[in-house]
Amino acid sequence: MPEMNPMMVYRLDRFGRGGHHRPFNDVGFPGIRIMETNENYNRQHQDIRVENGVKYGDVIEGVNFEYCKKLTAVNAITMAGIAWAPPAPTNVSIGGAVQPSTKLSWDTLPTDKVAGYKIYWRDTTSPTWDYSRYVGNVGAFTLEGVVIDNYFFGVSAVDKSGNESVNISLSTIYHLTLL
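Each residue of the sequence shown is one higher than the one before, starting from 28 at the first, in this note's numbering.
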């Protein structure tokens, strides 16, 4: 949607109010809230009324249908991307303590569903996955020269059309004996 500029807000919810995504988050499901950040407090959370010439409440003449159409498209595009994506990898593990490289492994998925895997990593201070590498249809990979202590890591599955699963963060750390 070139006309829309969605942005990620790294806050679970708004101050003093809840969102419809919270019950999903609270029981372990991913849930997001898409909203307009420039809220009109004369309209929302108000009883319909007029006071001192000011109209309060949500009424149909206050709806911008062109904007609603665009926001619905953002939702549809997001849901389609999730629906078309392959299953996420499972049993993602990491190793590489006291070594100059990071080793990752995961259970591979059936090849009719997955073309390969993509490894993500980011600085421990970054909220976004800034680095990635497509590694093909393998169940393990070593990121040479990427020190385990300096980054967070995750793995996603990619299908033949380029659709990508959610990025799974690591569930297990494996230790290697140094000789």
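Cβ atoms here follow ideal geometry from the backbone N, Cα and C, with glycine treated the same way.
As the structure is a computational prediction, the values presented were derived from the model and not from experiment.
If you drop the 5 nearest sequence neighbours on each side, which residues of the same chain put their C-beta closer than 8 Å to that of residue i?
i	result
T151	N177, Y178, F179
T204	Residue placement at T204 cannot be trusted, given a pLDDT of 48 that sits under 50; the coordinates are not used to answer.
P50	G58
Please look up how many angstroms separate the CB atoms of residue i and residue j, rounded, as I've assumed it's under 8 Å.
i	j	result
N209	G189	In this structure the chain extends from 28 to 206, so residue 209 is not present and cannot be described.
L197	V119	5 Å
G58	N52	5 Å
Please return the same chain residues whose Cβ sits closer than 7 Å to the Cβ of residue i, not counting the five positions on each side in sequence.
i	result
V90	none
F168	L131, I146, V162
Provide the residue span of the alpha helix (DSSP H) that contains residue i, from first to last.
i	result
K96	92-111
N52	49-53
Suppose the cutoff is 6 Å on Cβ atoms and the five residues either side in sequence are ignored; what does the same chain contact list for residue i look like?
i	result
P113	K140, V141, A184, D186, S192
L206	Model confidence at L206 stands at a pLDDT of 42, short of 50, so the residue's coordinates are unreliable and nothing is read from them.
Which residues mark the beginning and the end of the beta strand (DSSP E) in which residue i is found?
i	result
F168	167-170
Could you say which of the options lies nearest to residue i if we only look at CA atoms?
i	options	result
P214	N102, K97, P154, E171	This structure cannot settle anything about residue 214, because the visible part of the chain is limited to 28 through 206.
G123	S159, A100, V173	V173
K97	M31, P137, N194, I109	M31
T105	I195, G181, V182, P33	P33
Worksheet item: Is the region 57-73 touching the region 84-91, taking contact as three or more C-beta pairs under 8 Å?
Response: yes
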